[in-house]
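K.L.:
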Amino acid sequence: MKIGLLLVLAGLATVAVVAAMAMNGEMTGQGSPKKKMPVISLPKAKTKGQMSVEEALQKRRSRREFADEALTLEQLGQLLWAAQGQTHPWGYRTAPSAGALYPMELYAVVGKVEGLQAGLYHYEVAEHGLKRLKSGDLRRALQRACLGQGMIGAGPVSIIMAADYGRTAKKYKARAKRYVHIEAGHIGQNIYLQAESLGLGTCAVGAFSDSQVKGLLGIAEEPVYVMPLGVPANNETKNH
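Counting from 1, one number per residue, gives the positions in the sequence shown under this note's numbering.
#1: Between Q84 and the rest of its own chain, which residues show a CB-CB distance below 6 Å, the 5 nearest in sequence each way excluded?
#2: By the DSSP assignment, the beta strand (DSSP E) with I219 in it spans what residues?
#3: Please report the distance separating the alpha-carbon of L118 from that of K134.
#4: If you drop the 5 nearest sequence neighbours on each side, which residues of the same chain put their C-beta closer than 8 Å to that of N263?
#5: Thinking C-alpha only, which one of A45, G166, L138 and G77 is nearest A154?
#6: Residues in its own chain within less than 6 Å of A207 by CB, not counting five upstream and five downstream?
#7: For H181, name the three-state secondary structure that DSSP assigns.
#8: Grab the span of the beta strand (DSSP E) containing Y123 for me, first residue to last.
#9: What does the alpha-carbon distance come out to for the pair V213 and R64?
#10: With distances taken Cα to Cα, identify the nearest neighbour of M227 among P43, G115, L76 and V180.
#11: Alpha carbon to alpha carbon, what distance is there between V231 and G241?
#12: For the alpha helix (DSSP H) holding M151, just list the boundary residues, first then last.
#13: Can you tell me which of the three DSSP states Q50 falls into?
#14: CB-CB under 7 Å to N234, same chain, minus the five flanking residues each way: which ones, in chain order?
#15: Expressed to the nearest angstrom, what Euclidean distance is found between the alpha-carbon atoms of L198 and A220?
#16: Leaving out five residues on either side along the sequence, give the residues of the same chain with a beta carbon under 8 Å from the beta carbon of L57.
#17: Could you compute how far the alpha carbon of G215 sits from the alpha carbon of I152?
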């Protein structure tokens with residue numbers, strides 16, 4: 001009886017350990033150990049720049065041609081912070097969100113950023129950092145998913161907004177999609193203005209194959225915007 005009781009207790013302990021590992025994301029669906037990807041810290045975001053909001057608004061354009069220049073890690077971090085950075089200990093962010101539910105996830109397809117490997121990254125808001133999800137330059141594949149638009153392949157980085165509509169629908173039901181799309185506009189304008197203040201350019205792209213973008217990124221959320229970023233080429237005729 002004692003041996004049987006010990007075996008039962010040992011079995012229960014094993015189940016508890018496995019359950020804890022699963023809750024902490026340390027097991028894959030096959031039950032094998034899953035390595036936790038480290039978060040790459042981004043430089044601390046600046047809250048005071050060299051350009052006023054009014055000047056950035058005056059200069060804002062959709063820029064579709066980029067010079068063959070890499071971005072710095074500081075520039076990428078500043079852009080991501082402008083899009084979704086935390087601005088308050090309670091978790092408030094740079095862009096308003098209905099009910100402070102923040103349904104948007106940000107991904108960066110990185111081709112040329114100084115000090116950062118090419119690949120797919122997720123912006124970790126709380127840590128102001130990046131988690132690499134895939135290695136390799138995915139810009140051309142993303143360009144194909146975006147109906148062949150050349151600026152996607154030419155820009156050193158593209159930021160992709162992807163929405164989890166369910167987060168907002170829990171509170172706002174049928175109006176959730178509207179609120180999420182409004183929020184995407186807030187975030188997009190933040191990226192536009194921050195890019196201008198950094199001497200960079202971007203263009204908000206909505207023409208893409210949803211399924212192809214989701215498949216390329218390996219995400220469950222729905223892509224809403226793709227925004228290529230880079231140093232603008234001197235061609236004002238294609239900007240508006």
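We put the beta carbon where it would ideally sit given N, CA and C, even for glycine.
Since the structure is predicted, the reported quantities are computational estimates derived from the model, not experimental observations.
P.N.:
Looking at the coordinates:
#1: R93, L106 and V125
#2: No beta strand (DSSP E) holds I219; DSSP gives it neither H nor E.
#3: The amino acid at residue 118 is misidentified as Leu; the sequence shows Ala. Near 9 Å, if we compare the C-alpha coordinates of K134 and A118.
#4: For the chain, the structure presents residues 1 to 240; residue 263 sits outside this window and is missing.
#5: L138
#6: L147
#7: helix
#8: G119 to E124
#9: 20 Å
#10: L76
#11: Since the first residue shown for the chain is 1 and the last is 240, residue 241 is missing from the structure and cannot be characterised.
#12: G150 to A154
#13: coil
#14: none
#15: 32 Å
#16: L193
#17: 17 Å
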